[in-house]
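Have a look at the structure below, then the notes.
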């Protein structure tokens, strides 16, 4: 049965804002996705309670660059910086949403960043994907890790400002989550180019059965060019690591890759990753 295109695929997209380059890229990608899906864009700035607690300690100090001078970390100054960051984040959200004619809202919350974000009701949480260690190596950020482990909602992890950077790859297993993912992929693939489907054959359905299901689900008016590739537990990770461009959509990855393999994948791939459950 073909999906009802009158029903919105996603109604509410939540993006975490913190005035960093990764946050800016996440905002632009979230706005692009909201425009494509007709969803409301909700920006959230979280005042990190851990930073505020640190600023109350008498020995807390900060190093200021480029002079590399140290100074005491003062609570009023930290609170003022957070308010300024929130104002900048709100202004950028408004500018981008109004340019794309999006419905949008902005909220400021105080708490632990990861826990606060996953408490929101939204169809999708969009986060900047990586942080950088002292070595300069990119790795999965703590907020992104918390969202993946603790949240049952869909998560888009990206450090790129667009989702239109190449063909879209979708891991499809025939589940309800996979059907929703296919609907998203079809909308996004129309301007971006081909849609590459990885058919999960590690369950009860064969590649042929999954391919038939996909054809039944795609809109009759769709002009998306679809290619198919069968994958199992034995070759899934190498295939995913070999995909180097464009949006990767993982529909319900649990049972196909372990948490450790998923984190490895997210650390290694230099592309946006959308996880739908």
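Residue numbers (this note's numbering): 512 to 788. Quick reminder that beta carbons are idealized off the backbone N, C-alpha and C, glycines included. Quick caveat, the model's predicted, so the values are computed rather than measured.
task: Please name the residue or residues paired with residue 668 in a DSSP beta bridge.
output: Position 157 of the chain shown, counting from 1, holds the residue named residue 668. DSSP lists 638, 784 as partners of residue 668.
message: Closest to residue 520 by C-alpha separation, out of 534, 535, 544, would be which residue?
response: As a first step, residue 520 must be located in the chain shown, where it is residue number 9. Of the listed residues, the one whose Cα sits closest to residue 520 is 544.
Beta-carbon proximity list for residue 624, same chain, < 6 Å, skipping 5 on both sides: Locating residue 624 in the chain shown gives position 113, where the first residue counts as 1. Answer for residue 624: 557, 559, 654, listed in chain order.
- request: Compare the C-alpha of residue 728 against each of 750, 616, 698, 714 and name the closest.
  value: One-based indexing of the chain shown puts residue 728 at position 217. With distances taken between Cα atoms, residue 728 lies closest to 698.
query: Are the beta-carbon atoms belonging to residue 613 and residue 665 less than 8 Å from one another?
result: Numbered from its first residue, the chain shown carries residue 613 at position 102. Numbered from its first residue, the chain shown carries residue 665 at position 154. Taking 8 Å as the Cβ cut-off, residue 613 and residue 665 do not qualify as a contacting pair.
query: How about the stretch 759–775 and the stretch 734–741: do they share at least three Cβ pairs that are nearer than 8 Å?
result: Verdict: no, contact absent.
Top-ranked residue by Cα proximity to residue 695, from 713, 530, 526, 787: On the chain shown, residue 695 is found 184 positions in, with the first residue counted as 1. Here the closest residue by C-alpha is 787.
query: Using DSSP with H/G/I as helix, E/B as strand and the rest coil, what is residue 697?
result: Stepping through the chain shown from its first residue, residue 697 is reached at position 186. Helix.
- request: Enumerate in chain order the residues of its own chain whose CB-to-CB distance from residue 750 is below 6 Å, with the five nearest sequence positions on each side excluded.
  value: What you label residue 750 is simply residue 239 of the chain shown in a count that begins at 1. Closer than 6 Å at the Cβ level, and outside the excluded window around residue 750, lie 742.
field: CB-CB length for residue 564 against residue 634, believed under 8 Å
entry: As a working note, residue 564 is residue 53 in the chain shown. As a working note, residue 634 is residue 123 in the chain shown. In this structure, residue 564 and residue 634 do not form a Cβ contact; the two beta carbons are roughly 32 Å apart against a cut-off of 8 Å.
message: With DSSP as the reference, identify every bridge partner of residue 524, one or two as the case may be.
response: Along the chain shown, read from residue 1 onward, the residue named residue 524 stands at position 13. Beta-bridge annotation (DSSP): residue 524 is paired with 552, 635.
- prompt: Under a three-way DSSP split, which group does residue 741 fall into?
  reply: The sequence position of residue 741 within the chain shown is 230, counting from 1. Strand at residue 741.
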